[in-house]
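*Asks:*
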Amino acid sequence: MPTTIRWGILSTANIARAAVIPAIQAAANNEVIAVASRDAGRAADFAGKLGIPRAYGSYEALLDDDAIDAVYIALPNSLHFAWTVNAAAAGKHILCEKPLALDAAQCIEMGDAAEEGGVLLMEAFMYRFHPQITAALDLVHEGAIGELHHMHAAFTFRVTDPANIRLQADLGGGSLMDVGCYCINALRTFAGREPVEVQATAAWHANGVDERMAGLLSFDDGLTGQFDAALDLARRETFLAAGTEATLDLPRAYLPGAGDTTVRIRKS
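First residue of the sequence shown: 292, per our numbering; consecutive thereafter.
In structure tokens:
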């Protein structure tokens, strides 16, 4: 890969415009050189506003651009699988928005496609690279809370528009896919291993997606982790790690932003 990574963006979604593209453009060894939309006019307008030199009216056209080294996929959840496989076949490294896929079988096939294409594939859980998480993980691993026995992760907020993409079953919507994936990823990250048993229950929206889900992850040594994910509750984005000597609490675990963050430790 060249010293400067040249990115193409599949989608004109707000997450790309507001967060990911500015971050890429701010990095010394990265540049965004192309964006694609199924609407050529929308792609051109988007590119013009963000100073991106190339705009394509199809995702295929962007993948055919030999100047592009890597792609960021911010398409609806239901399209992650197909366009990740297509990008891998085109020899592009891939940063795909969460959730990576709709099920385990898709994830395995996507990984196989990346390996066959000789490219890197990563799920865009940006929170894991924030200094807040690094500090929290260090504290837990260094024994600041004693032995870690239990965790609780919650990410909830309200979606009131029934037409919202998060409530569309055919697009891979639902609380688990939209925000529950953060909770489960955090539980697995702090545990440092995979659960041996998972249980969950859900409340269902009229559109056919899980509007609210609660679950329990059990690990091999008795460690447990609970999660709450919802599209119909007041906003929370918390993580708690409970140990034998203290409790670590992250009030803004998943979207900490660029400002000050808080890592609280409460001792018994």
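All C-beta atoms, glycine included, are put in the ideal place defined by N, C-alpha and C.
(1) Quick one, are the C-beta atoms of residue 462 and residue 369 less than 8 Å apart?
(2) Can the beta-carbon of residue 374 be found less than 8 Å from the beta-carbon of residue 301?
(3) The alpha helix (DSSP H) spanning residue 321 covers which residue range?
(4) From residue 409 to residue 382, what distance separates their C-alpha atoms?
(5) So, using beta-carbon positions, are residue 447 and residue 526 closer together than 8 Å?
(6) How would you label residue 317, buried or exposed, when you count the other beta carbons within 10 angstroms and need 16 or more for buried?
(7) According to DSSP, residue 509 sits in a beta bridge with which residue or residues?
(8) What is the rounded straight-line gap between the Cα of residue 467 and the Cα of residue 503?
(9) Identify, in the order they occur along the chain, each residue of the same chain with its Cβ nearer than 8 Å to the Cβ of residue 295, setting aside the five sequence neighbours on each side.
(10) Within 8 Å, do at least three Cβ pairs link the segment 476–488 to the segment 496–515?
(11) Assuming residue 332 is part of the alpha helix (DSSP H), what are its boundary residues?
(12) Go ahead and pull the three-state DSSP assignment for residue 391.
*Replies:* Walking through what the data contain:
(1) yes
(2) yes
(3) From DSSP, residue 321 is part of no alpha helix (DSSP H) but of the beta strand (DSSP E) over 321–327.
(4) 7 Å
(5) yes
(6) exposed
(7) 488, 515
(8) 8 Å
(9) 320, 321, 322
(10) yes
(11) 331–341
(12) coil
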